[in-house]
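Visitor: In my numbering, the protein residues as written are 25 to 94.
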């Protein structure tokens, strides 16, 4: 799979709220709600499905995608 740029909205504990993968060259602003942050990251396309299904989370200190065991 290819690496893509994605914006991931997550809460303070790293739980993924939403994932946006804008079209190439699109100018998009992703907003978060109270107690949430947005992490823009290059990620493997197949990992997006795991983010949406709750199998991965955001490590808020290291600003990267990790499994729940880490």
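Don't be surprised by glycine CBs; every beta carbon is placed ideally from N, CA and C.
#1: Ignore the nearest five residues each way along the sequence and tell me which others in residue 64's own chain have a CB closer than 6 Å to its CB.
#2: Any idea if residue 39 is buried or exposed, counting beta-carbon neighbours within 10 angstroms, 16 or more meaning buried?
#3: Check the C-beta distance from residue 69 over to residue 25 and give it rounded, since I have them as a contact under 8 Å.
#4: Near residue 27, which residues of its chain fall below 8 Å by C-beta distance, leaving aside the five closest residues on each side in sequence?
#5: With a threshold of 16 other CB atoms inside 10 Å of the CB of residue 29, please say whether the residue is buried or exposed.
Guide: The answer reads as follows:
#1: 31
#2: exposed
#3: 4 Å
#4: 66, 67, 68, 69
#5: exposed
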